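A.B. asks: Residues in the sequence shown are numbered consecutively from 271, following the numbering used here. Quick reminder that beta carbons are idealized off the backbone N, C-alpha and C, glycines included. Everything numeric in this text was worked out from a predicted model, so none of it was measured. Before we start, here is the structure in question, set down as structure tokens.
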Amino acid sequence: MRSGIFAISRMRLLRQAVGTVLLMAGMALLVAHGLSWLRMHW
271 MRSGIFAISR
281 MRLLRQAVGT
291 VLLMAGMALL
301 VAHGLSWLRM
311 HW
């Protein structure tokens with residue numbers, strides 16, 4: 271029973287980490303896109 275709870279908490283932690291990485295990647299892509307757009311329009 272305890273191992274199951276541990277697995278669930280670990281899955282939740284993994285999902286949170288993946289979400290954070292995806293968010294960071296999305297923000298980085300957004301910033302890069304914005305910079306290239308600014309460079310094109312200057």
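How big is the Cα-Cα spacing for Val301 and Leu283?
C.D. replies: On the sequence shown, residue 301 is found 31 positions in, with the first residue counted as 1. On the sequence shown, residue 283 is found 13 positions in, with the first residue counted as 1. Distance between the alpha carbons of Val301 and Leu283: 27 Å.
A.B. asks: When DSSP labels each residue in this structure, what does Trp312 get in the three-state scheme?
C.D. replies: Position 42 of the sequence shown, counted from the first residue, corresponds to residue 312. Note: Trp312 maps to coil in three-state DSSP.
A.B. asks: With a threshold of 8 Å between beta carbons, is Leu293 in contact with chain B?
C.D. replies: Although the question refers to chain B, the structure presented lacks it and comprises just one protein chain.
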